[in-house]
Structures are given as C-alpha cells and as structure tokens.
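Single-structure report; data block below.
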Amino acid sequence: MTSISPLSNWNSAPSGASSATPNRTQAASPSSPSTPSSIVALSPESVNDSKPAALVKPPMVWESATRNKVSDAMTKSFSSYAFGGRFSGLGAAMLGQAKLGNYNFSQAMRQPPPSATPNVYAASGIAPGSLHGNGEDRVSLSITTKSGVEVKLSLDSQGDGLAVSMTTSGDLSDAEASALGELAKGFQDAIDGMGQSTPKIKLEGLMQFDQQQLASVKLHAEVKVRGEPESIQTLDFQADGAERKVSFSGVAGSLDLKVDASALNTLGSKEKQAKALGSYMKQFDQAASRGHGDAGLVAMLKDSFTALHSNTAAPQVATDSPETGKWRLAAEDKSILTGLADFSASVSQAVKFSNPMRSSEKDGFNYDVSQKTLQAGASQDERSVRQQQQSKLSASFHETLVPGVPLRLLDNTESQNYTYHQIEDTASSDAQVAYKDGKMVKASLRQEGNQSEHVMKYFLGKLESDKTTPGNYSVLRDLLPVLGPYKTGELGMTPEKKAEQRQQAMLTLSDDVLLQSYAGQSIGLWRTDVQPEENVAATA
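Its first residue numbered 43, the sequence shown is counted upward by one per residue in our numbering.
Rendered as structure tokens:
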C-alpha cells in the first residue's frame, strides 16, 4: 500500500526554486531536491505493488522571493479560475505599493502539473516569468504624470499561473505617488466589473484622477469567455484633461463612447450636468425598452456615459483663452446648452437569427446619440453659438403572440406564431444664438422627432397582418422674446421683477433644450394618425 500526503501548507511564503527548508521528518539526501513536493510513506505491502503511484500536486513556483501585499493577494486569489477571482484585490494592492515608494516590481507564480515524481519542481522547466504578457486574461494600466513619467502596470492570468508587474520611466514625486495610490480602488473596481459573468463598465474611480498631478490614464482589459465557442471580450479606456474614450467588444455586442471636454466654457454647473445626465439616462432606457435592447449592453452605456462626464467643471473665472473655449459666454448663451461636454456614443448589439424558417428576419439593436457645439464669429461682439443633439434607433425583434409564453421558433409551421417588429426612430434638437455689435439678433430652438414601427403578424407560418405605424413632431421656437437683453418688458414691472422673471425663463429653457427623443408623445405633439407621406409638423 502506498499513501501520499501533499504538503498543501508547505512554505507559504513565495520563494525561489531552491530556497525551501527540508521538512525535519524527511531524511535529507544529496540526490534529493532541496524543496520537497510531498511526503511518501511506503508500507511493506507496497514493495511488490505494481499499481502506479497517485499524482502529487507540487508546491507553487515563484518568480521572486519578495514578500509583500501583492504576493499575498496573488496567493489568495490564485485558487479562483474565474477572471474576476484571479485578479481580486490585485489591482488595488499594486497601486497601493506606490504610496510605499515601491514603483518597480515583478512577481509571478506557477503551479507545476501533478506528478508521481517528487522532482516535478525542477522537471517542469517552465519559468513563472514567462507568463508576463502571455495571459489568457490580461489587464494593463498606463498612467502618465504631469512631469512626463510613465507608469505601467500589467496583470496576466492563465490556467496554471498568475503574473503582475509595475514599472516607471523615472522618479515620482511624493504628490505623484500619492495620486497613483488614490486610484487603487478605482482600478480594482474596473477589473472587478469586467470579471463579472455579465460584464460591467466601472470607470468612475479611474475618472477621478488628480488632474493636477496626472496627465492621462489608459486601461486595457481582455477576458477569455469560456464557452462554446470561446470568445474574447475587451475593454479600452483613455482619459486626459480634455478627452475621454471607452470602447467595449464582447459576446453581447459593442460600445463606443467619446467625450470632448476641451471647451470648458460650454460646461454647466454640477446641478445642470446632473439634470442633463438624468434626461439622457431616461432616454437610453426608453430606447432599450422600445427596441428590446440587451439589458447588460445598455447598462454599460449608462455607466460609461455617466463616468466619462464626471470630473468636468466649468471654469470659475470666465476668460477668452483657448483653454476654456473660443468666447466668453453669457448666461443667455449657456441657457440654450445642456451643460454637458460634447460626445458621441454608439451601441451595436450582436445580431441573432432566431427564426430558422425566415433567414431574412434578424434580432438586432443599434443606437447612436451625439452632441456637438459650434462657436463661431469674427469677434466676441459678433459671436454665434450653436448646439445640436441627435439620436437614432434601429432595432428588430420577435415577440410571442401569447404574453407570458416564451417564443420558440422551429423549422416547422406549428411554431411560427409571432410578431416581427422593425423600429426606426430619430430625434434632434438644434439651439442657437447669434450677436451683432454685441446685441443678440437671433435665438431659436428647433426640435424634431420621427418614429416608425413596422409589425408583421404570423399565425401557423402565414402572414395575417402587415402594418406600419408612423409618428412625428416638429417644434420651432423663437427665443428672442425670452433671451433678448434689450426687451422692454411689461409696463409697470419693476426692474427686480423683470430680472426674476427673466431668470426663471432661462431656467425653464435649460430644461426645454434637452433632447426629447420620446417626450413628444407626452406633450401631445406626436402624430400617429397619418401615413408617412402625410406627416404634418406641429409648430409651437
């Protein structure tokens, strides 16, 4: 009989291949390896036993004997085979070393394959350091300081090992090191978000980087999705003082978002930005509901949209410098702006063909939304400001004829009982003001929306109905009576009362200029009782 007891707790501290102390219960031999992998006790009966010995799990091989919180985190997280578990706590631990002045380090651990031979430690011949840059799952973070020092962090994981490293291109000041350390939680949150079964984009913490000390932050993550078939999902994030970008690609689809925060003079207060963000969150939800968009993908749009618009603020002192914008904008100018930085966002859901009997029918969801602000004119007194917002939804999906009963389309007519929907929606908002000789001569707001839903109903494979429902609205407002600085006002109204009324009007206008993709229905401007060629604009 042969009994084999693995040393699961042997040498818990990371060590080199030959740095372990032999167990005192095992006799040392000149030919024995310095690091035992197991204790083997042979009974008399085992001498003539021809059965193969059980496989032994050898001890972990480490790249460096250095022991710190990063090594501890690696030891704790290695037992997890999930991406999120493998990197649990590692990102935070690595950036936490920056506060301690440890900017350059490399560590890797590898589990040799089980073997019946005690000397598998040396027999594996695979150095842990070879894992760097070769993981199936990987994360990299690059941070550039205001002084030009580049800091790079990398994490790699595969089935039998884990590797991390951190390097700097120069010395860091205490303030820069502290700014790095402050990103520890944000970095870990971003890693954990990608590690979930349904990935999430968590960038709020990284977006709060200290812009006085750090110039830019870049993140790249790759996750291998184990399944049939296997696939890769990736996340790229980049942010500096003026531009922020996010790109995601995965099983559910793709997402791209860019925010241009270089024109600080167009930004509104935190309260105004919060109101605009809330409006867009509502519209994203409405688009997802109407187009049956993937919930996880739309959630990533909402999270990244909110994160990338954070850590932006209007300048405390209005100036004409190129850093803050082309012109010094008056309160009247800002009342026609959302207060958000310009952006473009697109979501594209992975196309599915769920009906084997009609290959032309697909399930998909594509949504685009953007804002662009233009500042023009020969001088401050001849300036013009224009802000345009747009959204477009294209979606198609199948629905069951019986609510609550799941739809299961097969290659037979008995299963062909459903409705097939095709959605095409657009919306736009165009607000502008213009000055001549320092006086406002033009102020207008135009908002438009168009919707179309094409529904085909099938019963036992036969088309029973084919209907298209259009809807549209158009609103054009002259804002000079509200914003014109030289308006005489009502007779008998005191200057204080005029100022109060004017302030309230501008506050109301700030709400009205927000893109209204679906609000037209609630305010009675949508027309759905006409054919597309008969669309009539409702003008207010």
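Positions of the beta carbon are idealized from the N, C-alpha and C atoms, including for glycine. Since the model is a prediction, treat every value here as computed from it, not as a measurement.
Among the bridge pairs identified by DSSP, D410 is matched with S388, K434. Just so you know, the alpha carbons of F501 and G295 end up roughly 31 Å apart.
Scanning the region 311 to 356 for uninterrupted alpha helix (DSSP H) segments of 4 residues or longer gives 312 to 333, 337 to 350, listed from N- to C-terminal end.
L379 sits close to G310, with the two beta carbons spaced by under 9 Å.
Here A217 has Q255 as same chain residues with Cβ atoms under 7 Å from its own Cβ, once five neighbours each way along the sequence are excluded.
Counted as a single uninterrupted DSSP element, the stretch harbouring M399 is not any alpha helix (DSSP H), since DSSP gives it neither H nor E. Inter-segment contact for the region 193 to 210 and the region 128 to 144 is present: three or more beta-carbon pairs are separated by less than 8 Å.
As the crow flies, the alpha-carbon of D520 is around 12 Å from that of Q489. It is roughly 24 Å from the alpha-carbon of A169 to the alpha-carbon of N144. Judged by DSSP secondary structure, E506 falls outside any alpha helix (DSSP H) and instead within the beta strand (DSSP E) spanning 504 to 520.
Cβ-Cβ distances below 6 Å link V288 to F279, L299, S346 in the same chain, with the five nearest sequence neighbours on each side left out; the list follows chain order. Using a Cβ distance threshold of 9 Å, M342 and I243 count as a contacting pair. The C-beta distance from S559 to Q325 rounds to 5 Å, short enough to fall under 8 Å.
Shown here for N492: same chain residues with a beta carbon closer than 6 Å to its own, the five before and five after excluded, namely T468, N514 in chain order.
Under DSSP, no beta-bridge partner is assigned to T536. Looking from the CA of R286, the closest CA among F147, Q464, F385 belongs to F385.
Annotation for Q429: L379, T415, A473 place their beta carbon closer than 6 Å to its own, counting only its chain and skipping 5 residues before and after. For R109, the three-state secondary structure derived from DSSP is coil.
Only residues of its own chain outside the window of five on either side were considered, and among them K111, V112, A115 have a CB closer than 6 Å to the CB of A135, listed in chain order. Beta bridge pairing from DSSP links K287 with Q280, K300. Non-local beta-carbon contacts of K344 in its own chain, meaning distances under 7 Å to residues more than five positions away in sequence, involve M323, F326 in chain order.
Annotated three-state conformation of E178 is coil, per DSSP. At the C-beta level, S470 and Q431 come within 9 Å of one another. For K227 and E246, the gap between their C-alpha atoms comes out near 10 Å. Partner residues in a beta bridge of N144, as assigned by DSSP, do not exist. Within its own chain, the residues whose Cβ lies closer than 6 Å to the Cβ of S412, once the five positions on either side in sequence are excluded, are S386, Q432, listed in chain order. Nearest Cα to N459 within the set K481, P100, G503: G503.
Rounded to the nearest angstrom, the Cβ distance from A303 to A383 is 4 Å, consistent with a contact under 8 Å. Burial state of S119 is buried, judged by a 10 Å Cβ sphere holding 16 or more other Cβ atoms. A residue is called buried once 16 or more other Cβ atoms fall within 10 Å of its Cβ, and T308 is buried on that count.
Distance from the CA atom of K314 to the CA atom of S552, rounded to whole angstroms, is 8 Å. Here F251 carries a coil assignment [DSSP, helix/strand/coil]. M482 and R370 have their C-alpha atoms roughly 14 Å apart. The DSSP-derived three-state label of V427 is strand. When DSSP states are grouped into helix, strand and coil, I233 belongs to the helix group.
Fully contained in the region 179 to 226 are the following alpha helix (DSSP H) runs of length 4 or more, in chain order: 216 to 223.
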